[in-house]
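Numbering (our numbering), first residue to last: 174 to 310.
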Ligand SMILES: [Zn+2]
């Protein structure tokens, strides 16, 4: 009997070679639990689970950082255009470099670094103005 498929592919997850049984397989065929000891193994599922975990870890890191910035600004904000020192921003746990976007104020043409609904405008070497803008979540 002639084998229909004679090409081997390298598994994207474990690096083992496997016989390609149809055109686009990137992972070993799933291994069924056959001896009551070993668990089923599926390289495609394992790969996608790791990919999903990496994404969740990254998005959590970003969300935590943005929340920390928002929380600190929310603590310091008492009224619009309040002036704070850079040291106070840092003490409040704000990572100044981790803003979401930069906008230009329509009225004063100043650069505004945005942290969710708060914005920071740098006035001089160590003073910032906190504004609250329209972006709400
Ligand atoms: Zn594999």
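Just so you know, even glycine gets a beta-carbon here, dropped at the ideal spot from N, CA and C.
All values derive from a computational prediction rather than experimental measurement.
- Message: Quick check: what's the CA-CA separation for residue 285 versus residue 301?
- Response: Taking the chain shown and counting its residues from 1, the one referred to as residue 285 is at position 112. Taking the chain shown and counting its residues from 1, the one referred to as residue 301 is at position 128. In a straight line, the C-alpha of residue 285 is about 10 Å away from that of residue 301.
- residue 226 to residue 233, Cα distance in whole Å? In the chain shown, residue 226 corresponds to position 53, counting from 1. In the chain shown, residue 233 corresponds to position 60, counting from 1. In this model, residue 226 and residue 233 are separated by some 10 Å (Cα to Cα).
- Going straight from the alpha carbon of residue 263 to that of residue 270, what length do you get? Position 90 of the chain shown holds residue 263. Position 97 of the chain shown holds residue 270. Going by the C-alpha atoms only, they are around 11 Å apart.
- Query: What residues are listed by DSSP as bridge partners for residue 303?
  - Reply: Residue numbering aside, residue 303 sits at position 130 when the chain shown is read from its first letter. Beta-bridge pairing links residue 303 to 255, 293.
- Would you check whether ligand 1 has a heavy atom nearer than 7 Å to the C-beta of residue 189? In the chain shown, counting from the first residue as 1, residue 189 sits at position 16. Yes, the beta carbon of residue 189 sits closer than 7 Å to at least one heavy atom of ligand 1.
- Item | Nearest-angstrom Cα separation, counted from residue 272 out to residue 235 | Translated into the one-based positions of the chain shown, residue 235 becomes position 62. Translated into the one-based positions of the chain shown, residue 272 becomes position 99. Looking at the two C-alpha atoms, the distance is approximately 11 Å.
- Message: In whole angstroms, give me the CA-to-CA distance for residue 193 and residue 213.
- Response: Sequence index remark: in the chain shown, residue 193 carries index 20 (1-based). Sequence index remark: in the chain shown, residue 213 carries index 40 (1-based). Approximately 20 Å between the Cα atoms of the pair.
- Hey, residue 294 and residue 250: beta-carbon distance below 8 Å or not? By one-based count along the chain shown, residue 294 stands at place 121. By one-based count along the chain shown, residue 250 stands at place 77. No, the Cβ-Cβ distance between residue 294 and residue 250 is not below 8 Å.
- Message: Is the separation between the beta-carbon of residue 288 and that of residue 242 shorter than 8 Å?
- Response: The count along the chain shown starts at 1 and reaches residue 288 at position 115. The count along the chain shown starts at 1 and reaches residue 242 at position 69. Yes, Cβ-Cβ distance for residue 288 and residue 242 is below 8 Å.
- Query: Quick one: what's got a C-beta closer than 7 Å to residue 201's C-beta in the same chain, skipping five residues either side?
  - Reply: One-based indexing of the chain shown puts residue 201 at position 28. Result list for residue 201: 184, 187, 189, 191, 216, in chain order.
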